[in-house]
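Structure first, commentary second.
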Amino acid sequence: MRRWLSYAPLLLIVAASAAWYLHLTSRYGMLPGIDGPYYAIQVRSIAEGGGLKYPDPPLTFYAMYLAYLATGNVFMGVRLVVSAATALAAIPLYVLAERITGSRLAALASALVFLLSPHEFRLLGDFMKNSTGLLWLSTYLLLTHRYILSPGSSKRSMLAAGLLSFSLFMLAGLTHVLVYGFMTAYTLILIGLQLAVGGRRAFYEGLAGLAASLTVFYKFPWLQGGDLGKALGIASRIFSSLTGYAVAPLNAPAPPPPFQASQFLLLDWLAVSLLLLGSLILYRRGVRRGALLVAALGLTTLFFTLPVIPRQYLFRFQLMGGVPLAAALGLAVGLQSRPDSQIFLAVALVGLILVSGLPASAQVAPSIPPEAYSELHIIVEKASRLDPDACYLARNVRIKYWLETLASRVNEDPGLCRTLVAVDYASRMPPNARTLFVGRILAAWIR
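Just so we're aligned, residue 2 is where the sequence shown starts under the working numbering, counting upward by one.
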């Protein structure tokens with residue numbers, strides 16, 4: 002009983018964070034980010050019996066659908082899942098830090114760093130599948146630690162490790178390709194380090210789980226909405242950038258992005274530095290297998306900050322740095338030998354993250370103002386009176402996604418539409434158009 006009570010502070014923090022995330026994603030009465038309404042569109046499509054409207058890894062959307070059934074509100078279903086999953090990812094990180102360092106203070110600092118990191122607010126505000134998938138990544142890190150430090154030689158233990166690895170790779174792959182890619186790179190780097198250092202055998206169970214999941218996704222690509230093909234394309238372009246040899250007929254890779262020392266990149270580099278330094282300290286203290294895990298996480302994070310990664314994915318990989326940052330700062334606290342030093346460093350590091358996290362939390366907002374969404378309601382209502390089967394044309398992606406939460410026929414073939422309603426910002430009124438509505442922000446015309 003006492004052991005379970007020791008987790009009370011963690012559970013309170015996780016619950017408070019989930020409530021805070023729910024507030025941030027609800028405060029405007031809409032969903033945050035450009036992709037926020039996209040999730041509502043997918044959930045509504047499932048509810049109408051048509052499955053996903055757009056091909057995509059389905060797990061997050063079906064979880065949101067279940068939450069929608071429980072609440073009766075599509076937006077609330079989306080908010081609940083992303084808020085709860087993101088907050089829950091702190092629990093495996095807490096346990097991981099406690100097991101590596103033996104310090105509950107370090108574990109609590111690790112969880113707080115994760116929950117307050119600007120990475121999480123940026124993901125929460127626009128990349129919800131990424132944010133949800135961090136639960137599988139943090140759980141996988143805990144799994145590898147469990148089987149690296151006490152690898153069982155029995156067939157039952159090996160089978161359990163392989164099945165758990167396979168399950169987590171499947172869950173990650175069914176959530177988001179970038180989370181799956183991070184776990185893949187981490188597994189390969191970890192095994193490479195284990196083979197280079199020697200000693201006890203490598204974590205082949207993780208490799209087996211990865212290989213089995215790749216086989217499933219390759220044979221049934223529709224499970225991921227074609228994301229495995231995207232992942233292989235990314236890997237091919239990275240390999241081509243590193244070696245100069247293309248491995249597949251791909252489009253010419255985009256030039257490396259200009260150097261931008263964003264706060265995310267700086268925090269990722271801080272995590273890399275602390276993880277590699279911490280792994281060296283652990284190695285010298287005789288914790289060799291734990292040191293390899295920490296080093297593998299540091300090298301994986303470093304790899305995903307390199308400009309060889311295609312530009313459109315580089316920023317998204319950097320945003321996943323909240324997990325290694327939490328592990329790194331928790332490790333830094335736990336490696337302190339004196340309790341007062343641990344307390345001072347924990348407060349300082351959590352304060353540092355809080356200073357950058359709070360402004361990021363203020364940016365969790367919808368891609369259009371609430372007034373514009375109210376105008377969309379008016380436009381759809383007016384158009385439906387004229388023609389219940391009216392089609393809508395919205396070239397701006399922000400307007401398009403929000404419009405699709407209210408109407409089904411958006412950006413369809415105009416030739417199949419009896420009535421076509423164009424929606425755009427009011428300042429872009431086309432010539433010779435019949436005006437349906439003009440508001441302060443948006444306008445609609447019948448063509």
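Even glycine gets a Cβ: it sits at the ideal position worked out from N, Cα and C.
Classification of residue i by the beta-carbon crowding that lies within 10 angstroms, buried from 16 upward
{"i": "Val-398", "result": "exposed"}
{"i": "Arg-290", "result": "buried"}
{"i": "Trp-446", "result": "buried"}
{"i": "Arg-317", "result": "buried"}
{"i": "Gly-219", "result": "It should be noted that the sequence gives Tyr, not Gly, for residue 219. Answer is exposed; the Cβ neighbour count stays below 16."}
{"i": "Gln-319", "result": "buried"}
{"i": "Leu-377", "result": "buried"}
{"i": "Ala-384", "result": "buried"}
{"i": "Gln-225", "result": "buried"}
{"i": "Val-82", "result": "buried"}
{"i": "Ser-7", "result": "exposed"}
{"i": "Leu-13", "result": "exposed"}
{"i": "Arg-286", "result": "exposed"}
{"i": "Lys-156", "result": "exposed"}
{"i": "Ser-368", "result": "buried"}
Which of helix, strand or coil DSSP assigns to residue i
{"i": "Thr-436", "result": "strand"}
{"i": "Leu-407", "result": "coil"}
{"i": "Pro-370", "result": "coil"}
{"i": "Ala-445", "result": "strand"}
{"i": "Val-452", "result": "Since the first and last residues shown for the chain are 2 and 448, residue 452 lies out of range."}
{"i": "Tyr-8", "result": "coil"}
{"i": "Tyr-393", "result": "strand"}
{"i": "Gly-34", "result": "strand"}
{"i": "Leu-421", "result": "strand"}
{"i": "Ala-253", "result": "Only weak support exists for where Ala-253 lies, its pLDDT of 36 falling under 50; the coordinates are left without a value."}
{"i": "Tyr-426", "result": "strand"}
{"i": "Tyr-402", "result": "helix"}
{"i": "His-177", "result": "coil"}
{"i": "Asp-127", "result": "helix"}
{"i": "Phe-221", "result": "coil"}
{"i": "Met-77", "result": "helix"}
{"i": "Pro-311", "result": "coil"}
{"i": "Phe-305", "result": "coil"}
{"i": "Arg-317", "result": "helix"}
{"i": "Val-365", "result": "coil"}
{"i": "Gln-337", "result": "coil"}
{"i": "Ser-118", "result": "coil"}
{"i": "Asp-269", "result": "helix"}
{"i": "Ser-342", "result": "helix"}
Residue i vs residue j beta-carbon contact at 7 Å
{"i": "Ser-214", "j": "Gly-174", "result": "yes"}
{"i": "Pro-38", "j": "Trp-403", "result": "yes"}
{"i": "Ala-361", "j": "Arg-123", "result": "yes"}
{"i": "Leu-277", "j": "Gly-299", "result": "yes"}
{"i": "Ala-91", "j": "Val-15", "result": "yes"}
{"i": "Leu-326", "j": "Ala-272", "result": "yes"}
{"i": "Gly-78", "j": "Ala-68", "result": "yes"}
{"i": "Tyr-374", "j": "Met-31", "result": "yes"}
{"i": "Phe-1", "j": "Leu-136", "result": "Since the displayed the chain opens at 2 and closes at 448, residue 1 lies outside it and no answer follows."}
{"i": "Ala-423", "j": "Arg-386", "result": "no"}
{"i": "Val-96", "j": "Leu-143", "result": "yes"}
Contact set for residue i: own chain, Cβ-Cβ below 7 Å, skip 5 residues either direction
{"i": "Met-184", "result": "Leu-138, Tyr-141, Phe-170, Ala-173"}
{"i": "His-177", "result": "Pro-58, Lys-130, Asn-131, Gly-134"}
{"i": "Glu-372", "result": "Arg-441, Ile-442"}
{"i": "Thr-301", "result": "Phe-183, Ala-186, Tyr-187, Ile-190"}
{"i": "Leu-346", "result": "Ala-333, Val-334, Gln-337"}
{"i": "Ala-297", "result": "Tyr-187, Ile-190, Leu-191, Leu-194"}
{"i": "Tyr-22", "result": "Ser-84, Thr-87, Ala-88, Leu-125"}
{"i": "Thr-145", "result": "Leu-191, Phe-204, Gly-207, Leu-294"}
Neighbourhood of residue i by C-beta, 8 Å cutoff - its chain only, sequence neighbours within 5 removed
{"i": "Ser-104", "result": "Ala-98, Val-334, Gly-335, Gln-343"}
{"i": "Pro-417", "result": "Per the sequence shown, the amino acid found at residue 417 is Leu instead of Pro. Cβ neighbours of Leu-417 beyond the five flanking positions: Cys-392."}
{"i": "Leu-196", "result": "Ala-203"}
{"i": "Ala-17", "result": "none"}
{"i": "Gln-261", "result": "Because Gln-261 sits at a pLDDT of 42, beneath the cut-off of 50, its placement in the model cannot be relied upon, and the following sentence gives the value as read from the coordinates. None."}
Rounded Cβ spacing between residue i and residue j (contact assumed at less than 8 Å)
{"i": "Thr-436", "j": "Cys-392", "result": "No, Thr-436 and Cys-392 are not in contact; Cβ-Cβ is about 18 Å, not under 8 Å."}
{"i": "Gly-323", "j": "Glu-121", "result": "5 Å"}
{"i": "Ala-85", "j": "Ala-19", "result": "5 Å"}
{"i": "Ile-35", "j": "Asp-127", "result": "6 Å"}
{"i": "Tyr-29", "j": "Met-65", "result": "Contact doesn't hold; Cβ gap of about 19 Å is too wide."}
{"i": "Leu-350", "j": "Val-381", "result": "About 49 Å separates the two Cβ atoms, so there is no contact after all."}
{"i": "Trp-270", "j": "Thr-306", "result": "7 Å"}
{"i": "Leu-330", "j": "Leu-394", "result": "Rounded, the Cβ-Cβ distance is 49 Å, inconsistent with contact."}
{"i": "Val-365", "j": "Leu-25", "result": "4 Å"}
Cutoff 6 Å; reference residue i; Cβ partners in own chain excluding five residues on either side
{"i": "Pro-415", "result": "Leu-421"}
{"i": "Leu-117", "result": "Ile-354, Leu-355, Gly-358"}
{"i": "Ser-166", "result": "Glu-206, Gly-207, Gly-210"}
{"i": "Leu-106", "result": "Gln-343, Ala-347"}
{"i": "Leu-113", "result": "Val-351"}
Beta carbon proximity, residue i to chain C, threshold 7 Å
{"i": "Ala-333", "result": "Among the chains of the structure shown, chain C does not appear; only one protein chain is present."}
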